[in-house]
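Written out below as structure tokens is the structure these notes cover.
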Amino acid sequence: MRGFAAVLGREVRLALRHPGDSLAAMLFFVLVCALFPFGIGPAPEILARIAPGALLAAALLAALLPLDRLFGAEAEDGSLDQLLLSGLAPAALAAAKALGHWIVTGLPLLAASPVACAMLNLPVEAWGVAALALGLATAVLSLFGTAGAALTLGARRGGVLLPLLVLPLSIPAVIFGAAAIEAAAAGLGARPYLLLLAALLALAAPLAPLAAGAALRGD
Amino acid sequence: MLEAQDLACWRGDRAIFAGLSFHLPAGGALLLTGPNGAGKSSLLRLLAGLIPAAEGLLLWDGADALADLAGHARRTRYLSHQDALKPSLTAAENLAFYARLWGGQVAPALVALGLAELADLPARMLSAGQKRRLALARLALAPAPLWLLDEPTVGLDTASVARLGALLAAHRAGGGAVVAATHLPLPLPDAKELAL
Chain A
1114 MRGFAAVLGR
1124 EVRLALRHPG
1134 DSLAAMLFFV
1144 LVCALFPFGI
1154 GPAPEILARI
1164 APGALLAAAL
1174 LAALLPLDRL
1184 FGAEAEDGSL
1194 DQLLLSGLAP
1204 AALAAAKALG
1214 HWIVTGLPLL
1224 AASPVACAML
1234 NLPVEAWGVA
1244 ALALGLATAV
1254 LSLFGTAGAA
1264 LTLGARRGGV
1274 LLPLLVLPLS
1284 IPAVIFGAAA
1294 IEAAAAGLGA
1304 RPYLLLLAAL
1314 LALAAPLAPL
1324 AAGAALRGD
Chain B
646 MLEAQDLACW
656 RGDRAIFAGL
666 SFHLPAGGAL
676 LLTGPNGAGK
686 SSLLRLLAGL
696 IPAAEGLLLW
706 DGADALADLA
716 GHARRTRYLS
726 HQDALKPSLT
736 AAENLAFYAR
746 LWGGQVAPAL
756 VALGLAELAD
766 LPARMLSAGQ
776 KRRLALARLA
786 LAPAPLWLLD
796 EPTVGLDTAS
806 VARLGALLAA
816 HRAGGGAVVA
826 ATHLPLPLPD
836 AKELAL
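So the sequence lines, in the order shown, correspond to chains A and B. Following my numbering, the numbering of the first sequence begins with 1114 at its first residue and continues without gaps. Following my numbering, the numbering of the second sequence begins with 646 at its first residue and continues without gaps.
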């Protein structure tokens, strides 16, 4: 547990020293959402119709951006060897990295979500559910993404391979997340969809770090 | 306490080394020598449990050392040819992370390598030799019985080599073992030499 906290604290501290990385993901998310009104035209009802899917897709793409450096940077400077020899189980190390990725990338996206919601003309009543759905979906992506980053570590063109591996796994998160936001926008209960998203997260939380740990160990 | 029996290491379908055996008692030191590409670094990584042995056994106090990788990691300190420092963290912060993992105090470890005055400097401002000393300072944090050192003195000035010598002597006097790969003379008296 001490090792887990140490790795997590280091992730956050490094992100605070380079706030540009989190800021870049945030701006990417907002800009992708801003492209839709330009491409589709500012008709409010069409925008509101596509808003849930656009929000989810933009957030997941933004959260993917820093993933290939998650273990890549550690491997390059030799820190990965030290982390693997820290006495911390590789799966616990991967779990700490996944949580760290969510804190430094997923949380800033949540903070930016009202701006994106406004640009996509999502009804204000649905903004809260949108933030919740984005939070859960990005957490699922952080977990699958950590496993993907561990698997593609050292692979040639790993940066291209990673989204190809991770995005298909994120499809359920997009479906349930978008459904939750859509229900909230229509004034219906979003709870069942959020619970399904949470179930997905509960499934990924133990499995993805185990897979990532095995991949790190075998490298 | 560390015993290797017929170790072999493969890279692809090429054997880097094979049939390697040695015995390292408590307080002992083993110098790995040989030309570039002879497998010194690979052997150190194998001894650390970072890569699997293709053949052979590694024993610690008579039991298979690599059966419990986490346990083996806890008794091992590995200094690779990379310094494993984060450029944006200060020298003290870089070391504090490992102090949280392994225990030990940051300030005395910095003093042991003559880095006390550089504690608050970001690691990117350090020279190559200073970075190497900061990587070596990890050894001074908390005791571990097995030190695996890959070219520990590259870039070090004579005063720093002497500091490392004191560290190594204290480690061995306390019953610790050292395996070091090097091309340069190391302050390791009575070390056995293993030519790869």
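The beta carbon of each residue, even a glycine, is placed where N, CA and C say it ideally should be.
>> Output needed in chain order: residues of the region 697-723 of chain B with a Cβ under 7 Å from some Cβ in chain A.
In response: 715, 718, 719, 721, 723
> Start and end of the beta strand (DSSP E) containing residue 666 (chain B)?
Replying inline: As a first step, residue 666 (chain B) is located in the second sequence; it is residue number 21 there, counting from the start. It spans 659-669 - the beta strand (DSSP E) in which residue 666 (chain B) sits, taken as one unbroken run.
> Going by DSSP, what residues sit across from residue 822 (chain B) in a beta bridge?
Replying inline: For the purposes of this step, residue 822 (chain B) is identified with residue 177 of the second sequence, where counting begins at 1. BP columns for residue 822 (chain B) point to B:791.
> Could one say the Cβ of residue 1182 (chain A) lies closer than 8 Å to chain B's Cβ atoms, at least one of them?
Replying inline: Here the question's residue 1182 (chain A) lines up with position 69 in the first sequence. Chain B contact via Cβ: absent.
>> Please report the distance separating the alpha-carbon of residue 1256 (chain A) from that of residue 1194 (chain A).
In response: By 1-based counting over the first sequence, the position of residue 1256 (chain A) is 143. By 1-based counting over the first sequence, the position of residue 1194 (chain A) is 81. Roughly 21 Å separates the two Cα atoms.
> In its own chain, which residues sit with a C-beta less than 8 Å from the C-beta of residue 656 (chain B), not counting the 5 before and 5 after it?
Replying inline: The sequence position of residue 656 (chain B) within the second sequence is 11, counting from 1. Cβ within range, chain order: 687.
> residue 1116 (chain A) CB to nearest chain B CB: under 8 Å?
Replying inline: As a first step, residue 1116 (chain A) is located in the first sequence; it is residue number 3 there, counting from the start. Yes, residue 1116 (chain A) lies at the interface with chain B (some Cβ there is under 8 Å from its Cβ).
> By Cβ distance, which residues of its chain are closer than 7 Å to residue 1274 (chain A), with the 5 residues on each side in sequence left out?
Replying inline: Mapped onto the first sequence, residue 1274 (chain A) falls at position 161. Here the set comprises 1265, 1268.
> Does DSSP put residue 1270 (chain A) in a helix, in a strand, or in coil?
Replying inline: Counted from its first residue, the first sequence places residue 1270 (chain A) at position 157. Three-state result, residue 1270 (chain A): coil.
> With distances taken between CB atoms, is the gap from residue 1181 (chain A) to residue 1272 (chain A) smaller than 8 Å?
Replying inline: Looking up residue 1181 (chain A) in the first sequence gives position 68. Looking up residue 1272 (chain A) in the first sequence gives position 159. In this structure, residue 1272 (chain A) lies closer than 8 Å to residue 1181 (chain A) by Cβ.
> With a cut-off of 8 Å, do at least 3 Cβ pairs link the region 809-819 of chain B to the region 649-663 of chain B?
Replying inline: no
> Quick one: Cα of residue 1124 (chain A) to Cα of residue 1298 (chain A), how far?
Replying inline: As a position in the first sequence, residue 1124 (chain A) is number 11, starting the count at 1. As a position in the first sequence, residue 1298 (chain A) is number 185, starting the count at 1. Whole-angstrom Cα-Cα distance: 36 Å.
> CA-CA distance, residue 682 (chain B) and residue 841 (chain B)?
Replying inline: Numbered from 1 along the second sequence, position 37 holds the residue referred to as residue 682 (chain B). Numbered from 1 along the second sequence, position 196 holds the residue referred to as residue 841 (chain B). Roughly 9 Å separates the two Cα atoms.
> Over what stretch of residues does the beta strand (DSSP E) that includes residue 838 (chain B) continue unbroken?
Replying inline: Start at 1 with the first residue of the second sequence, and residue 838 (chain B) comes out as number 193. It spans 837-840 - the beta strand (DSSP E) in which residue 838 (chain B) sits, taken as one unbroken run.
> Out of A:1212, A:1177, A:1118, A:1330, which has the shortest C-alpha to C-alpha gap to residue 1281 (chain A)?
Replying inline: Along the first sequence, read from residue 1 onward, the residue named residue 1281 (chain A) stands at position 168. Nearest of A:1212, A:1177, A:1118, A:1330 to residue 1281 (chain A), Cα basis: A:1177.
>> As an exercise, report each continuous beta strand (DSSP E) stretch of at least 3 residues that is fully enclosed by the region 1226-1263 of chain A, in chain order.
In response: none
>> Between residue 727 (chain B) and chain A, is the shortest Cβ-Cβ distance under 8 Å, so that the two count as touching?
In response: Along the second sequence, one-based indexing puts residue 727 (chain B) at 82. It does: the Cβ of residue 727 (chain B) has a partner Cβ on chain A nearer than 8 Å.
> Grouping DSSP H, G and I as helix and E and B as strand, with all else coil, what is residue 735 (chain B)?
Replying inline: As a working mapping, residue 735 (chain B) is identified with position 90 in the second sequence. Here residue 735 (chain B) sits in strand by DSSP.
> How close, in whole Å, do the beta carbons of residue 786 (chain B) and residue 797 (chain B) come, if the pair is a contact with beta carbons under 8 Å?
Replying inline: By 1-based counting over the second sequence, the position of residue 786 (chain B) is 141. By 1-based counting over the second sequence, the position of residue 797 (chain B) is 152. Not confirmed; about 16 Å, so no contact.
> Could you give the C-beta distance for residue 801 (chain B) and residue 676 (chain B), rounded to a whole number, given that I count them as a contact under 8 Å?
Replying inline: Numbered from its first residue, the second sequence carries residue 801 (chain B) at position 156. Numbered from its first residue, the second sequence carries residue 676 (chain B) at position 31. The pair is not a contact, with the Cβ atoms about 17 Å apart (cut-off 8 Å).
>> Quick check on residue 648 (chain B): does DSSP put it in helix, strand or coil?
In response: As a working note, residue 648 (chain B) is residue 3 in the second sequence. Here residue 648 (chain B) sits in strand by DSSP.
>> What residue range does the alpha helix (DSSP H) around residue 1326 (chain A) cover?
In response: What you label residue 1326 (chain A) is simply residue 213 of the first sequence in a count that begins at 1. First-last of the alpha helix (DSSP H) with residue 1326 (chain A): 1304-1331.
> What separation, rounded to the nearest whole angstrom, lies between the Cα atoms of residue 1304 (chain A) and residue 1331 (chain A)?
Replying inline: As a working mapping, residue 1304 (chain A) is identified with position 191 in the first sequence. As a working mapping, residue 1331 (chain A) is identified with position 218 in the first sequence. Looking at the two C-alpha atoms, the distance is approximately 40 Å.
> Which full runs of the beta strand (DSSP E) of 3+ residues lie inside the region 680-732 of chain B, going along the chain?
Replying inline: 700-705, 721-724
> From residue 1204 (chain A) to residue 1196 (chain A), what does the alpha carbon distance come to, in whole angstroms?
Replying inline: Translated into positions along the first sequence, residue 1204 (chain A) becomes position 91. Translated into positions along the first sequence, residue 1196 (chain A) becomes position 83. Taking the straight line from one Cα to the other gives about 12 Å.
>> My parser needs the beta strand (DSSP E) runs of 3 or more residues fully inside the region 741-766 of chain B; what are they?
In response: none
>> Residues in the same chain with beta-carbon distance under 8 Å from residue 835 (chain B), minus the five sequence neighbours each way, listed in chain order, please.
In response: The residue given as residue 835 (chain B) occupies position 190 in the second sequence. Correct list, in chain order: 674.
>> I'd like the list of long-range same chain contacts for residue 844 (chain B), defined as Cβ closer than 8 Å, with 5 residues on each side in sequence excluded.
In response: A question about residue 844 (chain B) goes unanswered here, because the residues of chain B that appear run from 646 up to 841.
>> Do residue 790 (chain B) and residue 749 (chain B) have their beta-carbon atoms positioned less than 8 Å apart in this structure?
In response: The sequence position of residue 749 (chain B) within the second sequence is 104, counting from 1. The sequence position of residue 790 (chain B) within the second sequence is 145, counting from 1. Cβ distance not < 8 Å, so residue 749 (chain B) and residue 790 (chain B) don't count as in contact.
> Between which two residues does the beta strand (DSSP E) carrying residue 768 (chain B) extend?
Replying inline: Walking along the second sequence from the start, residue 768 (chain B) turns up at place 123. Counting along the chain, residue 768 (chain B) falls outside any beta strand (DSSP E), and DSSP gives it neither H nor E.
> For the alpha helix (DSSP H) that residue 606 (chain B) lies in, which residues bound it at each end?
Replying inline: Summary: the structure shown does not reach residue 606 (chain B), with chain B confined to residues 646 through 841, and so no result is reported for it.
> For the alpha helix (DSSP H) that contains residue 1214 (chain A), what are its first and last residues?
Replying inline: What you label residue 1214 (chain A) is simply residue 101 of the first sequence in a count that begins at 1. 1203-1214 is the extent of the alpha helix (DSSP H) around residue 1214 (chain A).
> By the 10 Å Cβ neighbour count, where 16 or more other Cβ atoms means buried, how is residue 770 (chain B) classified, buried or exposed?
Replying inline: Counting from one through the second sequence, the residue named residue 770 (chain B) turns up at place 125. Residue 770 (chain B) comes out exposed.
>> Residues of chain B with CB closer than 9 Å to the CB of residue 1127 (chain A), please, in chain order.
In response: Position 14 of the first sequence, counted from the first residue, corresponds to residue 1127 (chain A). By Cβ distance, chain B contributes 731, 733, 734.
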